[in-house]
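> Residue numbers (our numbering): 116 to 537.
Quick one: this structure, given as structure tokens, is what I'll be asking you about.
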């Protein structure tokens, strides 16, 4: 399936652009929705794990790269998805999880992470060494970033050769929005300047050549840039093609490359299709998927409160509020305002930092109680129409199917945009 990614640039040059959604989530329901869609589709499914989420020490999910692939593969068997249909990607692989350490130790751990990802079977590798470590500037210069990326690439190449695995394809560059969205409202986001992107590409090409990695650079399929898309806690900056025209035109000078667009969550289908057509065909989405999951869960919490005797008054939402107040580290510093504003953001923010709490035992118990309460219960169409009107027309189904359908509605927008079809 790596040929699918390698063909992105050629397809754009030929006037027949296509794209792919990059599903950046470890949530079981999100992954199941993506795999279930892949089981009925024609193209591959791209599933990515990030450096903080999954690494050789477990990350915040507790999974190593090998664990993550095994987790997804087991689900794929259940959904009838062939292994060769799945492309596994590693996102922002570099020193970011250890940037509060000296550069030497952070980069040593980053090398171990890259090795673990490649050895596990990840074939799309985003190398990101842009962040400074202890005693360094927050943002490093292009040359230092490129040299460190080349050193990590050498580890990836050696690992693939040693393990007799397919040679990875690479994503380089790092001009992306704040992970999880901005922490303040934005009216506009400036796209990466074409001259800056041109320099970044040139510096990386030179660094790879100096490191004897020119062959690996031939497998660089995309650079990460900022096309001018972003989302904050309660607003979304939409893609504006004219603003990114100069950046898009740079690809005419680099016919083997495309751009990767991060934080495309909440963009319209029209905006996503324009991104694909303009040379940003790898569409990263994560919080937008877990936002849809949370939205459906909270709706079902209300449904159960209405129709299941003894369930209580929104116990799931109450549990999540208590949990986020007791363990505030995942949202404090990202949300701002008075008490009411903070409560709204904890539950309903586009940044969706509530997604970090779904694997906590308290949340899992509350979700399980909700699904158990609705098991075997026929949800009247009128009640479903009240709380989930978009899904009511398709029939209720079981609660788990409703959750998957909610996520699938978002994935369907990406699929239509990536294929440039209505």
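Every residue, glycine too, gets a C-beta built ideally from N, C-alpha and C.
Taking the C-alpha atoms as reference points, what is the distance between residue 257 and residue 118?
Distance from the CA of residue 257 to the CA of residue 118, rounded to the nearest whole angstrom, comes to 29 Å.
> Note down the Cα distance separating residue 328 from residue 317, rounded to an integer number of angstroms.
14 Å
> Report the residue ranges of all alpha helix (DSSP H) runs contained in full by the region 157 to 244; include only those spanning at least 4 residues, in chain order.
180 to 194, 218 to 235
> For residue 275, which residues of its own chain have a beta-carbon under 8 Å away from its beta-carbon, when the five flanking residues on both sides are left out?
If we look at residue 275 and ignore the five residues flanking it on each side, its Cβ neighbours are 233, 281, 282, 283.
> Three or more beta-carbon pairs under 8 Å between the region 378 to 397 and the region 130 to 141, yes or no?
yes
> Output needed for residue 346: all residues of its chain with C-beta closer than 6 Å, excluding positions within five of it in sequence on either side, in chain order.
Setting aside the 5 residues that flank it on each side, residue 346 is surrounded in the same chain by 296, 380, 381, 465, each with a C-beta closer than 6 Å to its C-beta; the list follows chain order.
> By how many angstroms is the C-alpha of residue 160 removed from the C-alpha of residue 531?
14 Å
> Helix or strand or just coil, what does DSSP make of residue 141?
The answer is coil: DSSP assigns residue 141 none of H, G, I, E or B.
> Would the beta-carbon of residue 336 fall within 9 Å of that of residue 364?
no
> What is the C-beta distance between residue 144 and residue 471, in whole angstroms, given that I count them as a contact (C-beta under 8 Å)?
Not a contact, Cβ separation roughly 15 Å.
> List in chain order: all unbroken alpha helix (DSSP H) runs of 4+ residues lying wholly within the region 340 to 384.
360 to 364
> Cα-Cα, which of 349, 354, 388, 339 is closest to residue 366?
339
> With 16 as the cutoff for other CB atoms within 10 Å, does residue 451 come out buried or exposed?
exposed
> State the start and end residues of the unbroken alpha helix (DSSP H) segment that holds residue 469.
No alpha helix (DSSP H) holds residue 469; DSSP gives it neither H nor E.
> Using three-state DSSP, classify residue 335 as helix, strand or coil.
strand
> Under three-state DSSP, which class holds residue 494?
In the structure shown, residue 494 sits in coil (DSSP, three-state: anything other than H, G, I, E or B).
> Please classify residue 287: does DSSP put it in a helix, a strand, or coil?
strand
> Using the beta-carbon count (16 or more within 10 Å), is residue 199 buried or exposed?
By the neighbour-count criterion, in which 16 or more other beta carbons inside 10 Å mark a residue as buried, residue 199 falls on the exposed side.
> Please classify residue 525: does DSSP put it in a helix, a strand, or coil?
helix
> Using CA coordinates, which residue listed in 502, 507, 303, 319 is at the minimum distance from residue 350?
303
> Grab me the residues of residue 292's own chain with a C-beta within less than 6 Å of its C-beta, minus the 5 sequence neighbours each way, in chain order.
Note that residue 292 scores a pLDDT of 43, beneath 50, so its modelled location is shaky and nothing firm can be said.
> Check whether the region 428 to 435 and the region 480 to 490 touch, using three or more Cβ-Cβ pairs below 8 Å as the test.
In short, these stretches touch, since the Cβ pair count reaches three.
> Go ahead and label residue 428 buried or exposed: buried means 16 or more other beta carbons lie within 10 angstroms of its beta carbon, across all protein chains shown.
exposed
> Bridge partners of residue 413, per DSSP?
Looking at the DSSP assignment, residue 413 forms no beta bridge with any residue, so it has no partner.
> Can you tell me where the beta strand (DSSP E) holding residue 398 begins and where it ends?
Run containing residue 398: 397 to 400, per the beta strand (DSSP E) assignment.
> Between the alpha carbons of residue 266 and residue 219, how many angstroms are there, rounded?
12 Å
> Quick one: measure Cβ to Cβ for residue 139 and residue 401, integer angstroms, because I've assumed they're closer than 8 Å.
4 Å
> How would you label residue 212, buried or exposed, when you count the other beta carbons within 10 angstroms and need 16 or more for buried?
buried
> Going by beta carbon distance, what residues of the same chain come within less than 7 Å of residue 306, once the five residues before and after it are set aside?
341, 342, 343, 358, 359, 362
> Rounded to the nearest angstrom, what separates residue 459 and residue 469 at their Cα positions?
Going by the C-alpha atoms only, they are around 11 Å apart.
> Under 8 Å, with one C-beta from each stretch per pair, do the region 406 to 423 and the region 494 to 513 reach the 3-pair mark?
yes
> Alpha carbon to alpha carbon, how far is residue 248 from residue 419? Give it in angstroms, no decimals.
49 Å
> Leaving out five residues on either side along the sequence, give the residues of the same chain with a beta carbon under 6 Å from the beta carbon of residue 235.
180, 181, 184
> Since residue 323 and residue 312 should fall inside the 8 Å C-beta cutoff, what is the C-beta to C-beta distance between them, to a whole number of angstroms?
Residue 323 to residue 312, Cβ: 17 Å. No contact.
> Going by DSSP, what residue range makes up the alpha helix (DSSP H) through residue 452?
In the DSSP assignment, residue 452 falls outside any alpha helix (DSSP H) and carries neither an H nor an E.
> On the DSSP bridge assignment, give the partners of residue 246 in chain order.
254
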